[in-house]
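Colleague:
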Amino acid sequence: MEPKMIWGNLASDDLKATYEFYKKLGFESNNKYSSDENASFNFGKDKFIINFFKRSKLETDINGAIGKWKTQSEVIFSLSATTREEVDSWREKVLEAGGSVFSDPQNYEQGYTFCFADPDGHKFNVLYWPGM
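The letter at position 2 of the sequence shown is residue 1 when you use numbering that gives the first Met the number 0, and the numbering goes up by one with no holes.
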């Protein structure tokens with residue numbers, strides 16, 4: 000079996016804040032913000048989609064509970080950067096947009112990275128990797 004697409008669905012406690020955060024970071028929205036539905040964004044050249052749903056709606060839709068991401072992580076999404084300076088620039092944009100940095104920029108093997116969380120606590124790292 001080979002799926003045509005893969006996307007992520009994450010819970011949000013405040014869809015408006017989520018929408019505004021990712022718009023400030025420059026991600027392309029798949030929809031206008033709707034407090035009754037979701038906030039959806041494209042990530043990267045291949046337009047990987049991450050949908051953010053109200054926690055209660057997502058829990059109803061999947062017939063189960065969704066974890067709280069502020070204290071634990073199940074997944075960390077990685078975003079590529081083309082230079083070390085771009086990593087540093089992302090850090091500043093994240094802070095200006097209302098995100099939090101939980102791992103400051105640092106060398107990582109042959110690359111350079113930092114990690115941040117969005118307003119709901121979903122975690123990302125921005126990574127510069129030479130040759131990537």
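Don't be surprised by glycine CBs; every beta carbon is placed ideally from N, CA and C.
Alpha helix (DSSP H) containing I48: first to last residue?
Modeller: Counted from its first residue, the sequence shown places residue 48 at position 49. That residue, I48, is in no alpha helix (DSSP H); its beta strand (DSSP E) goes 47-53.
Colleague: Return the first residue and the last residue of the alpha helix (DSSP H) that V86 is part of.
Modeller: Translated into the one-based positions of the sequence shown, residue 86 becomes position 87. Note, V86: alpha helix (DSSP H), 83-96.
Colleague: Between S55, V74, A96, which has its C-alpha nearest D117's C-alpha?
Modeller: Start at 1 with the first residue of the sequence shown, and residue 117 comes out as number 118. Nearest of S55, V74, A96 to D117, Cα basis: A96.
Colleague: Under 8 Å by Cβ, that's how I've got Y111 and V93 pegged, so tell me the actual separation to the nearest angstrom.
Modeller: Walking along the sequence shown from the start, residue 111 turns up at place 112. Walking along the sequence shown from the start, residue 93 turns up at place 94. Actually they do not touch by this definition, with Cβ atoms about 15 Å apart.
Colleague: Let me confirm a value: S11 is counted as buried when at least 16 other C-beta atoms fall within 10 Å, else exposed. Which label applies?
Modeller: Mapped onto the sequence shown, residue 11 falls at position 12. Counting Cβ neighbours within 10 Å, S11 comes out buried, since at least 16 surround it.
Colleague: Hey, F20 and G98 are a contact pair by Cβ (cut 8 Å); roughly how many whole angstroms apart?
Modeller: Residue mapping note: residue 20 aligns to position 21 of the sequence shown, counting from 1. Residue mapping note: residue 98 aligns to position 99 of the sequence shown, counting from 1. F20 to G98, Cβ: 6 Å. Contact.
Colleague: Output yes or no for whether 8 Å exceeds the beta carbon distance between I49 and W6.
Modeller: Taking the first residue of the sequence shown as position 1, residue 49 is located at position 50. Taking the first residue of the sequence shown as position 1, residue 6 is located at position 7. Contact flag set, yes.
Colleague: Is the separation between the beta-carbon of T127 and that of R83 shorter than 8 Å?
Modeller: Within the sequence shown, numbered from 1, the residue matching residue 127 stands at position 128. Within the sequence shown, numbered from 1, the residue matching residue 83 stands at position 84. Contrary to the premise, residue 127 reads as Tyr rather than Thr in this sequence. Yes. Within cutoff.
Colleague: Do you know whose CA, among I61, N29, S55, A80, lies nearest F123's CA?
Modeller: Sequence index remark: in the sequence shown, residue 123 carries index 124 (1-based). Measuring from the Cα of F123, the nearest candidate turns out to be A80.
Colleague: For F47 and E1, I'd like the C-alpha separation in whole angstroms.
Modeller: In the sequence shown, the residue the question calls residue 47 occupies position 48. In the sequence shown, the residue the question calls residue 1 occupies position 2. Approximately 16 Å between the Cα atoms of the pair.
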